[in-house]
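Chains as they are written, first to last, in our numbering: chain C, 12 to 125; chain W, 113 to 225.
Let me begin by presenting the structure, written as structure tokens, before commenting on it.
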Amino acid sequence: NAGVMQNPRHLVRRRGQEARLRCSPMKGHSHVYWYRQLPEEGLKFMVYLQKENIIDESGMPKERFSAEFPKEGPSILRIQQVVRGDSAAYFCASSPNYGTDTQYFGPGTRLTVL
Amino acid sequence: DQQVKQNSPSLSVQEGRISILNCDYTNSMFDYFLWYKKYPAEGPTFLISISSIKDKNEDGRFTVFLNKSAKHLSLHIVPSQPGDSAVYFCAAPSSGGYQKVTFGTGTKLQVIP
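Structural data, given as structure tokens:
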């Protein structure tokens with residue numbers, strides 16, 4: 012049973028380019044969460060999605076960031092016109108149900124903006 | 113506003129001794145707490161949890177204690193092993209039916225052989 016998969020593991024972009032981060036949840040999981048970890052900080056919640064629905068995006072920056080979880084395929088976190096401050100590790104987690112179900116994390120994508 | 117705080121960024125412990133990692137929280141609405149362990153270049157892994165109706169939960173070498181009046185919890189690892197060397201995050205999910213989890217900043221534990 013494969014765990015949560017994220018790709019790419021490392022992504023380098025120049026300022027102004029777009030970054031697309033992919034997350035495939037564990038089999039049978041329909042809830043996906045994205046977190047961002049800046050250097051020397053804890054993980055910060057960004058967005059919670061179910062299939063084809065954004066449930067809570069209160070942690071997403073208002074501009075340049077978007078997320079989707081289509082009916083088929085992985086969840087995508089998209090960052091347009093990246094800036095140096097977007098450099099961070101982005102973690103995806105999934106769970107089978109909401110509430111107190113444990114979230115299972117992927118290995119993360121480390122984004123570096125030059 | 114840091115609602116979950118881990119004031120010790122690092123901790124070194126001799127193998128075989130007890131490791132105590134501390135966590136404080138400010139939001140009295142939190143009613144469930146988790147500890148995650150994270151190795152470099154990997155995602156966090158769930159370790160142990162505790163509900164606010166309990167003051168202690170034990171799982172093997174890991175025990176979490178909760179003091180609601182002090183808004184404080186701690187993770188005890190005994191005996192500590194070199195493989196326990198990792199960053200430990202204290203976390204709390206929001207109320208409201210799903211896990212919008214608030215994480216502390218982490219404590220890096222080093223267990224010295």
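Positions of the beta carbon are idealized from the N, C-alpha and C atoms, including for glycine.
Since the structure is predicted, the reported quantities are computational estimates derived from the model, not experimental observations.
Cβ-Cβ distance between residue i and residue j below 8 Å
| i | j | result |
| --- | --- | --- |
| K83(W) | F177(W) | Because chain W in this structure spans residues 113 to 225, residue 83(W) falls outside the shown range and cannot be described. |
| F145(W) | L54(C) | no |
| M37(C) | S105(C) | yes |
| R31(C) | Y101(C) | no |
| Y115(C) | G27(C) | no |
| T113(C) | F158(W) | yes |
Residues near residue i by beta carbon distance below 8 Å, same chain, minus five either side
| i | result |
| --- | --- |
| R129(W) | V190, P191 and S192 |
| A78(C) | W45, M57, V58, L60, I65, E68, M71, S86, I87, L88 and R89 |
Close Cβ partners of residue i (< 6 Å) along its chain, the five nearest in sequence each way excluded
| i | result |
| --- | --- |
| S206(W) | K212 |
| L187(W) | L133, W147 and V176 |
| S161(W) | L146 |
| T123(C) | V23 and S98 |
Backbone CA spacing between residue i and residue j [nearest angstrom]
| i | j | result |
| --- | --- | --- |
| N134(W) | G84(C) | 40 Å |
| P225(W) | P81(C) | 48 Å |
| S131(W) | S98(C) | 33 Å |
| F174(W) | Q92(C) | 44 Å |
Buried versus exposed, by CB contacts within 10 Å (16 or more), residue i
| i | result |
| --- | --- |
| K150(W) | buried |
| A42(C) | According to the sequence shown, residue 42(C) is His rather than Ala. Burial call: buried. |
| G172(W) | exposed |
Candidates the options, of which the one nearest residue i by Cα
| i | options | result |
| --- | --- | --- |
| H40(C) | L49(C), K62(C), R26(C) and R33(C) | K62(C) |
Contacts that residue i makes with chain B (C-beta to C-beta distance below 8 Å)
| i | result |
| --- | --- |
| T123(C) | Looking for chain B here will not work: the only protein chains present are C and W. |
Neighbourhood of residue i by C-beta, 7 Å cutoff - its chain only, sequence neighbours within 5 removed
| i | result |
| --- | --- |
| P19(C) | T120 |
| I66(C) | Y59 and L60 |
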